[in-house]
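Take a look at the structure below.
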Amino acid sequence: MPVKPRDALFEPDSAGYAQVVGHFVEAWPENWHRSRLFRVLSLGGYVAFDLPRAVTGLGALLLVGIAATHAYMWASQDGLPRYFQVYAAVVIAGCLLFAGSMGFGRNSHVAQAGWYFGSVLSVVILGLAVGTRVASLPGMTAMTGRWDFAPATFALAFAGAFIGLHASVLLGINVAYPQRQHWED
Amino acid sequence: MSDPAGNAADGAMVRPELFALDSASRERVLEQIAAKGGYCESCGEKDFDIGHALFLGFLFLDEDSDAYMVALTCRNPECAKPRTGIVLPEKDFLSAALCGDGSAWPLRARHR
Amino acid sequence: MTETVLDYPAWLRIDHWLNVLFLTLLLRSGIEILSTHPKLYWHDDSKPGTEWARFTTKKMPTDRLYDTLDEEEDYSPLISLPGHKKLGMGRHWHFIAVIGWILVGLSYYLLLFATGQWHRYWPQSWATFAEAWNDIITYMTFNLPPLLPNEPLDAIQKLTYAGVIFLLAPFQILTGAAQSPAIEARFPWFVRLWGGRQCARSLHFLGLVAFLIFIAIHVSMVFFWGWGQLNASMIFGSVRNVAWATVCSFLIIGAIVAIHVAATVWSLRRPAQVRRILGAVITRARLILLRPLDSRQNYPERMLSDEHRVNGKPPCSTRYKVMAVHNFVDWRLRVGGLVEQPATLDLAAIRAMAEPEGQRVLHNCVQGWSSIGEWKGIPLALVADLVRPLPQARFVCFLTMQDNSRDEPSSQGEGQFYEVMDLELVYKPQTILAYEMNGNLLPIKHGAPLRLRVETQVGFKMAKWIYQIEFIDDLRGIGYGLGGWREDNIHYDKDVEI
């Protein structure tokens, strides 16, 4: 009985793989797909979901969540320094833009770009959120230099979750709209 | 779905996996039997009526992917066990016309 | 009204630890059941490629017949009970744990309400929800929120427990019941309520995930709030002897782990014994609760599955192929055993016995997939009336032309496929010998020329490629004596209303 290992899906030149995980990733070295780390992270290929709309919806929601926490911080505190206001505006605009493009079904490149930029932004936010827990910033002593500030924890959680979700898409565990798993048995 | 005539045990329906052969295919089956020296196990008769064909390759694990069984009925009216069959690969008997025929049974050996 | 003191009475503590045992047995055995068909669907057709989740690396061939036995996965005993493709064992543990869990749950509900302790979970007012949101915010500041006044819980914990005890647990039981062929057959509206059989299965899986998430958060909470103190409450009833409480908690957990290990090893080494001992309880419960149910299915034509799934491969014998190519003119059905008048019938005679009875029904494979098909044939009761079973006949044995050694490489066993069922099932509604399916003659892969349909039972009982029916008084002399090929080799139960 032919029982091809799922790794076959991850042949870099396989149409299936490119379909599923898209550009950039197919350019990664072949060794990566055979590496132990990849197998562990992708759970050996033993877990996969074909829920593109749900995954994209969740990703968009997480970005909106990041935007919402920044909007809350901006609105709830008085006398915030200019640099924070600019930063918050950029984050809010970026999150909404990337969330919107993720749902753009007509062009999968646009959708994928939304995910990648969303992840880049999430990494930045993650770094800043952790950094500002440790170090205090001038003019924002109520919000920085402390761990017991809920909006920062929320932003951290949403950003981390988004990166994890995108990683699950890149590893083939999930698919994002407008792609599908194409399980053709 | 083609509806081959005859050979229905119950009169009304013929099983969907079976399909009728055209005269060219039937001729080739007879040639194959002659070439292989085939004969009826029950009575030794070498003359057969050719019936339907059944594609074996998909359903049966022990068969090649292009194998068919063709129904043979011994022409000897006294034969105790007249019904038998012969297994042949597609290229040995099926005519090209049937291969392209949309009404032929879909369970066919297809080149993928 | 006297205010109930929300403390930790003995029954609450005992039920808690019993719950840990049964719930973990359910989780591990549930994963074993999932492993036998590690794909989840929303639609009753279980159409290949339409699954929304896959937990397997296997890919199926496109140029050969494959069945769901080929799709079965081998999971480690670390996550499944007992692991290694032992569905029979997984089912037994799951059902015995269901019985235990439901009894514990019932006792818990009764005592909660009888003692007034239900106040610990049921929110007093809508304010609890607002308070719960505040608690979440507090947790997100890495602090512990305040407990509710005179209660051992904070608001979000209270709501979570209420959700698990009063919503999630009944949800799991009901979605589990919606996967029983007997319940589905008697109450088609119940399975429709859950969106269909596959939807119920998917929801049941989501319930498993919800429980896993709950357990992770619950254990973390106990850790952050004070492992020693909270375990002291849940073991001794109050916060005392905290160090001993910690030790005892690990002893209890160790004992539960030991039970799991023992169950796993016992199942892998002595499956027939496990089947007999657990089955003594499970089969009795099945026969009392589910045997009386009769099938009343009549699905509309538009719901028929385009491609009805299949299990078991057709007999690879030359004799079978020759019969098939001649439309089974030479096939005979021998009916005998403990009967007054044995009979031998060909297809024409069977058809002539009566106008064909049709039924559009949901087929439930033991592995978890389903399909809806229309089957036509004659009631098995008619054949029984023809041969007139003797008073001592208690079972019916169906012998088939399939030989698993030759025909089914994915099966875990050898020899001729046969099934035995209780005589009373012969006379149940919608028990037929089918020779037509979906408007055509019964296809080869679905059991041509004749197969059994018993709609209150799981699919493996419905023997295909039948050539002989025997009425018997003792099933112990056939095969390995457990009532069927799958019973003998994979240790399923013989009576499978669920």
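Residue numbers (the numbering used here), protein chains in the order written: chain A, 1 to 185; chain B, 1001 to 1112; chain C, 2001 to 2498. All C-beta atoms in this analysis are idealised placements derived from N, C-alpha and C, irrespective of residue type, glycine included. Here the structure is a predicted model, which is why all the values come from computation and not from measurement.
Residues of chain C with a Cβ closer than 9 angstroms to the Cβ of S1023(B) do not exist; the shortest Cβ-Cβ separation is about 19 angstroms. Collapsing the DSSP output to three states places E2497(C) in coil. Residue-level contact check: R1015(B) touches chain C, since one or more beta carbons of chain C fall below 8 angstroms from its beta carbon.
G2479(C) sits in coil when the DSSP states are folded into three classes, being neither helix nor strand. For a Cβ distance threshold of 8 angstroms, residue set D2063, R2064 and L2065 of chain C lies close to F1058(B), ordered along the chain. Secondary-structure assignment with DSSP links V2454(C) through a beta bridge to T2431(C). With 16 or more neighbouring CB atoms inside 10 Å of its own CB, L2159(C) falls in the buried class. For the C-beta of S1042(B), not a single chain C residue is nearer than 8 angstroms; the gap to the nearest is close to 12 angstroms. Inter-segment contact for the stretch 2299-2308 of chain C and the stretch 2403-2412 of chain C is absent: fewer than three beta-carbon pairs are separated by less than 8 angstroms. DSSP places H2043(C) outside both helix and strand once states are collapsed to three, so it counts as coil. Between G1038(B) and chain C, the shortest Cβ-Cβ separation is not below 8 angstroms.
Going by DSSP, V2329(C) is part of no alpha helix (DSSP H) at all; its letter is neither H nor E. The beta strand (DSSP E) runs of length 3 or more contained entirely in the stretch 1045-1091 of chain B are, from start to end of the chain, 1048-1055, 1067-1074 and 1083-1089.
Following the DSSP letters along the chain, one finds F2398(C) in no alpha helix (DSSP H) but inside the beta strand (DSSP E) bounded by residues F2395 to D2403. Ranked by Cα distance from E2072(C), the options Q2124(C), W2369(C) and W2189(C) are led by W2369(C). Three or more beta-carbon pairs separated by less than 8 angstroms are not found between the stretch 2435-2455 of chain C and the stretch 2157-2174 of chain C, which leaves the two stretches without contact. In this structure, the beta-carbon distance from D2330(C) to R1075(B) does not fall below 8 angstroms.
Against chain C, a Cβ distance below 8 angstroms from T56(A) picks out nothing, because the smallest value is about 15 angstroms. Excluding the 5 residues flanking it on each side, R1026(B) has same chain C-beta neighbours closer than 7 angstroms at I1050, in chain order.
Here R2028(C) really is in contact with H2260(C); their C-beta atoms are around 7 angstroms apart, less than 8 angstroms.
Residue pairing of D2422(C) in beta bridges, as defined by DSSP: F2395(C). Residues of chain A whose Cβ lies closer than 8 angstroms to the Cβ of E2051(C) are, in chain order, D50 and W183. Residue burial annotation: W2133(C) is exposed, with fewer than 16 other C-beta atoms found within 10 angstroms of its C-beta.
At least one CB atom of chain C sits nearer than 8 angstroms to the CB of V47(A).
Interface with chain A (8 angstroms Cβ-Cβ cutoff): N2438(C) is excluded. Those residues of the stretch 137-156 of chain A placed with their C-beta closer than 8 angstroms to a C-beta in chain C are W147, D148, F149, A150, T153 and F154, ordered along the chain. With contacts defined as CB atoms closer than 8 angstroms, Q2402(C) and V2361(C) fail to qualify as a contacting pair. For the stretch 2009-2041 of chain C, there are no residues whose beta carbon sits under 7 angstroms from a beta carbon of chain A. For G44(A), the nearest CB of chain C lies under 8 angstroms from its own CB, placing it at the interface with that chain.
According to DSSP, residue pairing for L2382(C) in a beta bridge does not occur. In this structure, DSSP gives V110(A) a helical state, which the three-state scheme calls helix.
Interface residue (Cβ-Cβ distance to chain A less than 8 angstroms): T2141(C) is classified as such. In the three-state scheme derived from DSSP, where H, G and I count as helix and E and B as strand, E2131(C) is classed as helix.
Taking C-beta separations shorter than 6 angstroms and ignoring five residues to either side along the sequence, the partners of Y2299(C) in its chain run R2360 and I2372, following chain order.
Remark: C-beta atoms of L1018(B) and V2325(C) approach each other more closely than 8 angstroms. For the stretch 2306-2323 of chain C, the set of residues with a beta-carbon nearer than 7 angstroms to any beta-carbon of chain B comprises K2313, P2314, C2316, K2321 and V2322, in chain order.
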